[in-house]
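I have placed the structure first, in the form of structure tokens, so that the comments after it can refer back to it.
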């Protein structure tokens, strides 16, 4: 880690910088695959799966047989762990349901909002070395709580044409029936336009590499909603002399192992702790299976000593991390001061892994500073809120004259007239 | 209006079509202006304002003198009308505040969310013939309720270098201090990158023409959040034999006068009512100041007779209108069946104008079918929700073993280790 001792505030902005992304222009690739998908439909899915995933499929839809086989392969232990996570995630996201509140803004003017599920949602789950079945829970559970009538899941097949069985088991636990063996840009294109096999959806959610991210952005420009802009995962830890350096190092590594482009930042008021964490890091790193990845991520990561915890919080708010661990004494006292972060973990026993898997909070969070303006995935991500109003004759008499004046001032006389004809009718019916 | 009597369901999809937008490619123009803004800063704002708005400004910031003068120009009547609207909009948006709910998903595992305002928001208000000061209220009020520390407003100057006084009065009513005389792509570019005069913001909200829309999309691709994709305004009315044809016609016209690209759709079960509405339309149209605009909008609008109200609701849900008026007997009985709309108006006295100005609901709504996946602007548009968790030693013992199993199955051993080191420490401290 790069170490900074008491950098001046004028130096902070350099320290907020994220690792520079290789700005490869994927736009032409995305547009080509989207075009082919529109023209060739399912055939494009077969072709690109053969090209990119190295497997020739005859069927994209995961069969019941494959689902059953996955149930046999996955251990009971893992299923039980998933079930515990499922219960906690469900409980937390159920608490996000809102009650209808009717507000009578003036006598006879009733306004309220009602939630409705987004009808068709597509969930993308990356394949590759780490089969992210936990993301199936994090996206599928709120989708089912929202009551989305149609949920589909796309994930790339491995070289044998299979989706990791843990992903299939998680999808079955959630109740997702439509699972497709297709990944990358071609999966996002299929969810955007639809094919005979894969339905077009209203919203696409889920993590992915730079190809998937670029494809989701293109889908968005075509009118499909997406969960949020994506970037490499991040963790910022604020630690003081009360922190446990072994825990802090373990947390930094748990983030660093995600990818070489992950970024971890340690802010501390204690130079002693910093030394101990750095020692722990090299010790723990030596045992890690993903040591090579974590080392590279650490190389562009930062350990910074600041004067006081208030400075650490101020730094963190300006950085706006995806994950923030407050491993300090009396962490709760700083909650109100946090103005930007995806998910915050308080105290020495609240490790990021807990939120990644099983505490109940969602792990799909805004990265790259987007927590300044975006929330993580929640029940809200799968619903829209429709406003309703019911105005009585009396209600319109209360607000009508004001509407007439404002419409007139905006030179929208037909808007005014819609009120005037009603007010006249109310008066003439009374006479 | 184009009239359709009992079209078959197979014909519906043609009737869902929105007026085709002239697909002018604005991308190069947007990129050029964004580039100039980055290089020339405020000078680019002066140059483009001279070019597009025809006025040479020496200062972009609206002065206190201009604000005071606006207060003198705007009539007390209009100010009172605005105040009534302000109170209702504030009341309704205040009701959208959420209470913090701490959920103990397992003993010792506490999870909750807290709302934080987006720190810097930019509001765009179009100029032109209709000075949309009502949008200042609709965007400014929730922004101030959210507690956004920095709110700026951009609106193009007229040929005399002034912003319409009603816009300035509305902004003062809301409490927006930073008001800039700049519009179009250059305003969005300034809000995206910042200049010495105009601060860069985290989110840009507000209506605009196709140039502003294209610029907002570009801002979004650069990481600035926006309210929602925009399209021409729409209204769908469902009417039965109990509807008042005069009211229905007035509502259709109030939408049609917005622009030549506006779309209105009338669905009814009554051929009689259809005839009466068409008669009323031509009668009322003759008195309208914006007759030319409304006539063009009506030319590509549709009046459709369907078998039953259930069919009308089904049609409307598939069309997903921005505004939906249910001018039918017992309108409330159909609320639960509505699955996609921006804002819904129930009964004969709930006209769209009420929601446009003063009932309390927001008028910034998803158009062009986006109400399938987007909500209108609300308090939510100005906040983000941060998740928090506080896990005790006991809590980690409850969920830790499941996290270890899941992390292992995802081959993320550092994630597992972050739990393992803590569980070991808990046990060794107990011994």
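Residue numbers (this note's numbering), protein chains in the order written: chain A, 252 to 682; chain B, 252 to 682. Here a beta-carbon is modelled for each residue, glycine too, at the ideal position from N, C-alpha and C. None of these values were measured; they are calculated from a predicted model.
Residues that residue i contacts on chain B, provided the C-beta gap is smaller than 8 Å
| i | result |
| --- | --- |
| residue 586 of chain A | 365, 639 |
| residue 594 of chain A | 637, 638, 639, 640 |
| residue 448 of chain A | Under the 8 Å cutoff, chain B gives no residues; its nearest Cβ is about 21 Å from residue 448 of chain A. |
Contacts that residue i makes with chain A (C-beta to C-beta distance below 9 Å)
| i | result |
| --- | --- |
| residue 541 of chain B | 662, 663, 664, 665 |
| residue 252 of chain B | Near residue 252 of chain B there are no residues of chain A at all, since even the closest Cβ is about 15 Å away, more than 9 Å. |
| residue 533 of chain B | Residues of chain A passing the Cβ test: none, with the nearest at roughly 14 Å. |
| residue 465 of chain B | Those within 9 Å of residue 465 of chain B in chain A number zero; the least Cβ separation is about 11 Å. |
Beta bridge counterpart(s) of residue i as assigned by DSSP
| i | result |
| --- | --- |
| residue 255 of chain A | A/555 |
| residue 371 of chain B | B/401 |
| residue 362 of chain A | A/354, A/640 |
| residue 574 of chain A | A/486, A/594 |
| residue 312 of chain A | A/431 |
| residue 516 of chain B | B/487, B/553 |
| residue 406 of chain A | A/432 |
Partners in chain A for residue i, counting only beta-carbon separations shorter than 7 Å
| i | result |
| --- | --- |
| residue 469 of chain B | Residues of chain A passing the Cβ test: none, with the nearest at roughly 10 Å. |
| residue 602 of chain B | 669, 670, 673 |
| residue 285 of chain B | Within 7 Å Cβ-Cβ: nothing; residue 285 of chain B doesn't reach chain A, min ~16 Å. |
| residue 354 of chain B | 342, 343, 346, 611 |
| residue 260 of chain B | Ordered by position in chain A, no residue passes the 7 Å Cβ test against residue 260 of chain B, which lies about 17 Å from the chain. |
Contact check, residue i vs residue j, beta carbons under 8 Å
| i | j | result |
| --- | --- | --- |
| residue 482 of chain A | residue 590 of chain A | no |
| residue 544 of chain A | residue 510 of chain A | yes |
| residue 308 of chain A | residue 300 of chain A | yes |
| residue 502 of chain A | residue 449 of chain A | no |
| residue 541 of chain A | residue 573 of chain A | no |
| residue 515 of chain A | residue 552 of chain A | yes |
| residue 639 of chain B | residue 647 of chain A | no |
| residue 653 of chain B | residue 335 of chain A | yes |
| residue 524 of chain B | residue 488 of chain B | no |
| residue 637 of chain B | residue 369 of chain B | no |
| residue 603 of chain B | residue 669 of chain A | yes |
| residue 476 of chain A | residue 440 of chain A | no |
| residue 421 of chain A | residue 650 of chain B | no |
| residue 281 of chain B | residue 478 of chain B | no |
| residue 384 of chain A | residue 661 of chain B | yes |
| residue 555 of chain B | residue 258 of chain B | yes |
| residue 391 of chain A | residue 427 of chain A | yes |
| residue 594 of chain B | residue 611 of chain B | no |
| residue 372 of chain A | residue 402 of chain A | yes |
| residue 588 of chain B | residue 493 of chain B | no |
| residue 592 of chain B | residue 622 of chain B | yes |
| residue 656 of chain B | residue 328 of chain A | yes |
Closer than 9 Å at the beta carbon, the chain B residues around residue i
| i | result |
| --- | --- |
| residue 681 of chain A | Going along chain B, no residue has its Cβ under 9 Å from residue 681 of chain A, so there is no contact; the nearest lies around 14 Å. |
| residue 436 of chain A | Those within 9 Å of residue 436 of chain A in chain B number zero; the least Cβ separation is about 17 Å. |
| residue 646 of chain A | 600, 601, 605, 610 |
| residue 417 of chain A | 657, 660, 661 |
| residue 441 of chain A | Near residue 441 of chain A there are no residues of chain B at all, since even the closest Cβ is about 18 Å away, more than 9 Å. |
| residue 370 of chain A | 568, 590, 591, 623, 624 |
Chain-ordered neighbours of residue i on chain B, where CB pairs are closer than 7 Å
| i | result |
| --- | --- |
| residue 480 of chain A | 474 |
| residue 579 of chain A | Here the premise fails: no neighbours, minimum Cβ distance about 13 Å. |
| residue 269 of chain A | Per Cβ cutoff of 7 Å: no residues; residue 269 of chain A is ~11 Å from chain B at best. |
Short CB-CB distance (under 8 Å) between residue i and chain C
| i | result |
| --- | --- |
| residue 357 of chain B | Among the chains of the structure shown, chain C does not appear; the protein chains present are A and B. |
Closer than 8 Å at the beta carbon, the chain A residues around residue i
| i | result |
| --- | --- |
| residue 583 of chain B | 641 |
| residue 360 of chain B | 339, 605, 610, 611 |
| residue 454 of chain B | 624 |
For the region 554-567 of chain B, list every residue whose C-beta sits within 8 Å of some C-beta in chain A, in sequence order.
none
In chain order, each alpha helix (DSSP H) run of at least 4 residues that lies wholly inside the region 411-496 of chain B:
416-425, 435-444, 461-472
Scan the region 508-529 of chain A for residues whose Cβ lies nearer than 7 Å to a Cβ of chain B and list them as they occur along the chain.
508
Against chain A: residues of the region 610-633 of chain B by CB proximity under 9 Å
610, 611, 612, 613, 616, 617, 619, 620, 621, 622, 623, 624, 625, 626, 627, 629, 631
Quick check on the DSSP output: what are the complete alpha helix (DSSP H) runs of length 4 or more inside the region 590-668 of chain B, in order along the chain?
603-608, 644-660
Any residues in the region 305-331 of chain A with a beta carbon nearer than 7 Å to a beta carbon of chain B? Which ones, in chain order?
328, 329
Short-range partners of chain A found in the region 336-350 of chain B, where Cβ spacing is below 7 Å
336, 339, 342, 343, 346
Pull out every residue of the region 490-503 of chain A whose Cβ sits closer than 8 Å to any Cβ of chain B, in chain order.
495, 497, 498, 501, 502
Residue ranges of each beta strand (DSSP E) run of no fewer than 3 residues wholly in the region 257-304 of chain B, ordered along the chain?
none
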